[in-house]
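The next block holds one structure in the form of structure tokens; read it before the comments.
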Amino acid sequence: MPQTINVGLVGYKFMGKAHSNGYRQVASFFPEVALRPVMKVLCGRDAAAVQAAAEQFGWQEIETDWHKLVARPDLGLIDVSTPGDSHAEIAIAAAEHGKHVFCEKPLANTLQEAKAMLQAVQKAGVVGMVNFNYRRVPAIQLAKQLIDEGRIGQIYHWRAVYLQDWIMDPSFPLVWRLQKEAAGAGALGDLGAHIVDLARMLVGEVTALNGLTTTFIKQRPLATGTNDGLGATAGQEMGEVTVDDAALFLARFANGAVGSFEATRFAKGRANYNSFEINGSKGTIVFNLERLNELNVFLDEDAPDVRGFRNVLVTDSGAHKYMSAWWPAGHIIGWEHTFTHGVLDLLNGIAAGQAPAPTFEDGMRCQAILDAVERSAQSGSWVEPDYN
Ligand SMILES: NC(=O)c1ccc[n+]([C@@H]2O[C@H](COP(=O)([O-])OP(=O)(O)OC[C@H]3O[C@@H](n4cnc5c(N)ncnc54)[C@H](O)[C@@H]3O)[C@@H](O)[C@H]2O)c1
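My numbering puts the first residue of the sequence shown at 107, with every later residue one more than the last.
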């Protein structure tokens with residue numbers, strides 16, 4: 107009989123649904139997974155809504171208080187899929203109860219919280235992993251492989267944008283993502299965190315940066331009923347937007363590369379445009395999430411008469427990471443598959459007693475960069491991230 111681990115998941119909306127799908131799929135497509143997840147308990151505050159979600163997603167039981175959830179002796183893994191204001195307290199309590207923790211990104215709302223979370227998993231000796239799911243797009247894994255094999259050469263430039271447009275209407279309500287207390291930051295923490303994590307994975311550590319943030323629409327109608335997710339409606343009363351609508355920064359990396367980062371929710375027509383270009387001494391790599399099965403590469407190693415940008419369809423089961431579990435070559439996969447890949451690596455990591463990247467240490471270092479962007483935006487000067 108394969109070994110199992112009982113999972114408790116907090117949060118049942120956008121990420122709760124995506125994570126549930128990951129747990130449901132993982133052993134069907136990766137039967138070799140070292141621990142099979144048992145979808146034991148779904149947790150949220152509204153019993154009727156959690157019960158309905160548990161039935162929809164396939165969870166056996168519900169809890170309405172995360173304190174009770176993390177104390178349950180039958181659970182081995184706690185999944186934190188709530189807004190940032192509860193990541194630290196849930197993750198730290200879970201670690202103190204000896205549970206492994208899978209936490210949504212960004213790791214926390216502040217650098218101080220992120221450091222406390224890292225300490226908690228280290229002290230408890232449990233696995234802590236952050237769900238920067240784009241690391242597990244097969245095309246991004248191929249980018250990493252080309253870099254590690256030296257085929258791009260020395261990296262000179264990182265150029266990344268993460269663009270959305272879902273809050274451009276000034277009557278869009280003040281949901282939790284637009285409130286600093288709940289979300290920590292705006293486009294910076296939500297979108298910028300993803301491209302920071304990818305830059306750290308592909309290029310290396312950021313040593314200094316200079317950034318700006320701005321809020322284009324400073325007041326919005328308060329959300330009525332619920333401010334969860336994107337389903338909220340606008341009321342009459344107005345409230346202050348306390349996060350950035352856009353964040354941009356320039357950075358220097360430890361290996362001498364330089365980078366630019368832009369995260370915004372005000373790029374008309376861009377629904378989820380997460381894209382980067384890396385220029386090295388021997389080649390260039392271009393990725394765009396809206397074409398997630400493809401990687402654009404230019405390689406000096408090609409014969410001069412056919413050298414040029416080529417579009418690699420990253421679906422070959424023999425050549426491309428994770429693809430052997432899915433479909434024949436050319437049968438593309440989607441955004442949700444990245445969550446299954448994350449859960450796979452997490453469960454294998456727990457079985458091996460080793461946290462897979464991005465670990466809580468990676469999450470803390472990403473948070474240090476976000477924190478530095480905010481400090482630089484305030485002071486108008488170059489600053490160094492505080493990784494200590
Ligand atoms: N990896 C990604 O691509 C990605 C995408 C979107 C969001 N996220 C991250 O996921 C997290 C959740 O975002 P979301 O989009 O799922 O939000 P959401 O609003 O859709 O869902 C949040 C859920 O948390 C629950 N919740 C809130 N506070 C709670 C509490 N104190 N106790 C119990 N339940 C509570 C809500 O009821 C809801 O079910 C955030 O950290 C966000 O940054 C990651």
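Note that CB positions come from ideal geometry on N, CA and C, so glycine has one too.
_Does the contact criterion of 3 or more C-beta pairs under 8 Å hold for the region 179-192 versus the region 157-171?_
Short answer: they don't touch.
*By Cβ distance, which residues of its chain are closer than 6 Å to R242, with the 5 residues on each side in sequence left out?*
So the qualifying residues of the chain are T444, H447, G448.
*At 4 residues or longer, and completely inside the region 426-459: list those alpha helix (DSSP H) runs for me, N to C.*
Taken in chain order, the unbroken stretches of alpha helix (DSSP H) that lie wholly in the region 426-459 and span 4 residues or more are 443-458.
*Where DSSP assigns a beta bridge to A352, which residues make up the other side?*
DSSP lists T320, T370 as partners of A352.
*Since G317 and S134 are thought to touch, with beta carbons under 8 Å apart, how far apart are those beta carbons, to the nearest angstrom?*
A Cβ-Cβ distance of about 43 Å is found for the pair G317 and S134, leaving them out of contact under the 8 Å criterion.
*Beta-carbon proximity of P462 to L476, cut-off 8 Å*: No, these two residues do not count as a Cβ contact at 8 Å.
*Would you mind stating whether V236 and L213 have Cβ atoms separated by less than 8 Å?*
The beta carbons of V236 and L213 sit closer together than 8 Å.
*Going by C-alpha distance, which of V347, A199, A305 is nearest A249?*
With distances taken between Cα atoms, A249 lies closest to A305.
*If you run the structure through DSSP and keep just helix, strand and coil, what is G341?*
Of the three classes helix, strand and coil, the one that applies to G341 here is strand, per DSSP.
*In the DSSP assignment, what are the bridge partners of G114?*
In DSSP, G114 forms a bridge with V147, I184.
*If we call anything under 8 Å between Cβ atoms a contact, is L183 one with I273?*
Contact: no.
_Where the beta strand (DSSP E) containing Q325 begins and where it ends_ = It spans 325-330 - the beta strand (DSSP E) in which Q325 sits, taken as one unbroken run.
*In the DSSP assignment, find the unbroken alpha helix (DSSP H) run with S496 in it and report its ends.*
Outside the displayed range of the chain (107 to 494) lies residue 496, so it cannot be described from this structure.
*Element boundaries [alpha helix (DSSP H), containing R481]*: R481: member of the alpha helix (DSSP H) spanning 466-485, first to last residue.
_C-alpha distance - V302 paired with A338, whole-angstrom precision_ = When rounded, the separation of the alpha-carbon atoms in V302 and A338 is 29 Å.
_Taking the alpha carbon of F278 as the reference point, which residue from F120, Y493, R371 has its own alpha carbon closest?_
From the listed residues F120, Y493, R371, the smallest Cα separation to F278 is found for R371.
*Run through DSSP, which three-state label would E167 get?*
Here E167 sits in strand by DSSP.
*Cα-Cα separation, G204 to C149*: Taking C-alpha positions only, G204 is separated from C149 by approximately 18 Å.
*Three-state class that DSSP yields for A160 in the structure shown*: Three-state DSSP puts A160 in a helix.
*DSSP three-state call for Y240: helix, strand or coil?*
The three-state reading of DSSP puts Y240 in helix, counting H, G and I together.
*Following the continuous beta strand (DSSP E) through L401, name the residue where it begins and the one where it ends.*
Unbroken beta strand (DSSP E) run through L401: 400-405.
*Option in V392, K324, C472 with minimal Cα separation from N494*: Checked all of V392, K324, C472; the closest Cα to N494 is C472.
*Proximal residues to G341 (C-beta, below 8 Å), its chain only, five neighbours per side dropped*: In chain order, P279, P327, L328, A329, T330 place their CB closer than 8 Å to the CB of G341, counting only its own chain and leaving out the 5 sequence neighbours on each side.
*Stretch pair the region 107-126 + the region 415-434: three plus CB contacts closer than 8 Å*: The region 107-126 is not in contact with the region 415-434.
*So, using beta-carbon positions, are A377 and Q270 closer together than 8 Å?*
Cβ distance < 8 Å, so A377 and Q270 count as in contact.
*By Cβ distance, which residues of its chain are closer than 7 Å to V347, with the 5 residues on each side in sequence left out?*
Cβ within range, chain order: L280, L284, T321, I323, K324, Q325, R326.
*Roughly how many whole angstroms lie between the Cα atoms of W432 and N127?*
Each residue's Cα considered, the two are about 15 Å apart.
*Since E346 sits in a beta bridge, which residues does DSSP pair it with?*
Paired residue(s): Q325.
*Pick from G414, D275, T332: whose alpha carbon is nearest that of K388?*
Comparing Cα positions, the closest option is G414.
*Decide if G365 is buried, meaning its Cβ has at least 16 other Cβ atoms within 10 Å, or exposed.*
A buried status is given to G365, since no fewer than 16 other beta-carbon atoms sit within 10 Å of its beta-carbon.
*What residues match up with W264 in a beta bridge as DSSP calls it?*
The bridge partners DSSP lists for W264 are G365, I384.
*asked:* Classify N239: buried if its beta carbon has 16 or more other beta carbons within 10 angstroms, exposed otherwise.
replied: That one is buried.
*asked:* Quick check on the DSSP output: the beta strand (DSSP E) that includes N394 runs from which residue to which?
replied: Start and end: 389-394.
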